[in-house]
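Note sheet for the following structure.
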Amino acid sequence: MTSQEPSQTASAVYVYEAPLRLWHWINAGAIVVLMITGYLIGNPPWPLQIGQPSNHYLMGDVRFLHFTAAYVFAIGLLFRVYWAFVGNAHARELFIVPIWKKTWWQGLWHEIRWYLFLDRKPRKYIGHNPLAQSAMFGLFVVGAVFQIITGFALYGEGTGYGSWQYNLFTSWVMPLFGNSQNVHTWHHLGMWYLVIFVIAHVYVAVREDIMSQQSMVSTMVSGWRYFRGDQS
Numbered sequence: 001m002t003s004q005e006p007s008q009t010a011s012a013v014y015v016y017e018a019p020l021r022l023w024h025w026i027n028a029g030a031i032v033v034l035m036i037t038g039y040l041i042g043n044p045p046w047p048l049q050i051g052q053p054s055n056h057y058l059m060g061d062v063r064f065l066h067f068t069a070a071y072v073f074a075i076g077l078l079f080r081v082y083w084a085f086v087g088n089a090h091a092r093e094l095f096i097v098p099i100w101k102k103t104w105w106q107g108l109w110h111e112i113r114w115y116l117f118l119d120r121k122p123r124k125y126i127g128h129n130p131l132a133q134s135a136m137f138g139l140f141v142v143g144a145v146f147q148i149i150t151g152f153a154l155y156g157e158g159t160g161y162g163s164w165q166y167n168l169f170t171s172w173v174m175p176l177f178g179n180s181q182n183v184h185t186w187h188h189l190g191m192w193y194l195v196i197f198v199i200a201h202v203y204v205a206v207r208e209d210i211m212s213q214q215s216m217v218s219t220m221v222s223g224w225r226y227f228r229g230d231q232s
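Spelled out as C-alpha cells, the structure:
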C-alpha cells in the first residue's frame, strides 16, 4: 500500500476541493464547444449563400463561440496551474508525475495490467492512479498547451501586428511551423489528439466507477471518494 492508497478502515476521503471541481466541469464544457466549433470551422457544412451578409452570419457566430471557449479554456488552465500551488496535494497530481519513484512505476505496471484485464484485483487510490496521472499529463496538459499556443497564433493573425496575441504567439509560432497552413493543420490534428483523450477519460472513469469499487464520476461532483468492499 502506498501513501496514495486509502487506509484499511477508510470508506470515504475528501479529495477534490470545490475550485478544482468547478474548473473541471467548466473546462469540460469549453472543450466540447471548442471541438464542435473547431470541426465546423475546418469543415463548413453550409454552402455559400446569396443575400444580406448579416442574415448569413452563422459561421461568424461559430467562430465567436470558438474564440470565447478558447479564452475560457486558456484562462482556466492558468487557474489550474495556480491552484496546484495553493490547493491540497491532489491538486498537484496533474502536473507533477513522480517518475523518480520506484513505487510509482510498479503502480503504473499494475494499472496497465488491470486495464488490459491481465490482473483481476484493482488497487485503490485516493487521487489519480499512476496510469491516469501519466495520461492526464501526457495527453491533457501537453495537448492543452499545444492547442493554446497554436490557437492563439492563428488568432493573432486576425488581431494583427502589434496585438498581444501576435507578439506572444504569432510572431514566433508561424516561423517555427513554416506558414499559417501548417499551423492550421497541426492545430486541427491537436483537436483529434484531445478527442482521443476525452473518449479515453470518460471510458476509464466509468469503468473504474463500476469495476474498481471506488467512486470516480461522483467524486468530481462532491469531492469525496467512496470506497466499497475489501480495502486490503
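Counted from 1, the sequence shown has number 123 at position 123 by UniProt numbering; the numbering is strictly sequential. We treat Cβ as the ideally placed atom computed from N, Cα and C, and that holds for glycine.
Residue i (DSSP reduced to helix, strand or coil)
{"i": "residue 232", "result": "For residue 232, the predicted structure reports a pLDDT of 42, less than 50, and the residue's modelled location is therefore unreliable. The matter cannot be settled from this model."}
{"i": "residue 225", "result": "strand"}
{"i": "residue 256", "result": "Beyond the ends of the chain as shown, which are 1 and 232, falls residue 256; an answer cannot be given."}
{"i": "residue 9", "result": "Model confidence at residue 9 stands at a pLDDT of 46, short of 50, so the residue's coordinates are unreliable; what they give is reported in the following sentence. DSSP places residue 9 in coil when its eight states are reduced to three."}
{"i": "residue 14", "result": "strand"}
{"i": "residue 187", "result": "helix"}
{"i": "residue 57", "result": "coil"}
{"i": "residue 137", "result": "helix"}
{"i": "residue 163", "result": "coil"}
{"i": "residue 120", "result": "coil"}
{"i": "residue 182", "result": "helix"}
{"i": "residue 19", "result": "helix"}
{"i": "residue 107", "result": "helix"}
{"i": "residue 100", "result": "coil"}
{"i": "residue 208", "result": "helix"}
{"i": "residue 95", "result": "coil"}
{"i": "residue 88", "result": "coil"}
{"i": "residue 126", "result": "coil"}
{"i": "residue 43", "result": "coil"}
{"i": "residue 2", "result": "Only weak support exists for where residue 2 lies, its pLDDT of 41 falling under 50; the value from the coordinates is given anyway. Here residue 2 sits in coil by DSSP."}
Residues sharing a beta bridge with residue i, DSSP
{"i": "residue 214", "result": "227"}
Run of the alpha helix (DSSP H) containing residue i, from where it starts to where it stops
{"i": "residue 146", "result": "142-159"}
{"i": "residue 172", "result": "171-177"}
From the options, residue whose alpha carbon lies closest to that of residue i
{"i": "residue 173", "options": "156, 41, 162", "result": "156"}
{"i": "residue 80", "options": "43, 42, 145", "result": "145"}
{"i": "residue 19", "options": "164, 97, 90, 117", "result": "90"}
{"i": "residue 112", "options": "40, 131, 180", "result": "131"}
{"i": "residue 63", "options": "208, 224, 40, 73", "result": "40"}
{"i": "residue 124", "options": "200, 84, 178, 212", "result": "212"}
{"i": "residue 28", "options": "86, 168, 73, 45", "result": "73"}
{"i": "residue 198", "options": "149, 139, 166", "result": "139"}
{"i": "residue 78", "options": "23, 60, 121, 129", "result": "23"}
{"i": "residue 84", "options": "94, 75, 76", "result": "94"}
Q | Given 8 Å, three or more beta-carbon pairs between the region 188-195 and the region 27-39 | A | yes
Q. Would you call the region 146-153 and the region 168-183 in contact, with 3 or more CB pairs under 8 Å?
A. yes
(Q) Closer than 8 Å is the cut-off here; do at least three beta carbon pairs connect the region 133-144 with the region 97-109? (A) yes
(Q) If contact is defined by three or more beta carbon pairs under 8 Å, each pair taking one atom from either stretch, is the region 58-70 in contact with the region 97-106? (A) no
Q | the region 205-224 contacting the region 115-124, beta-carbon criterion three pairs below 8 Å | A | yes
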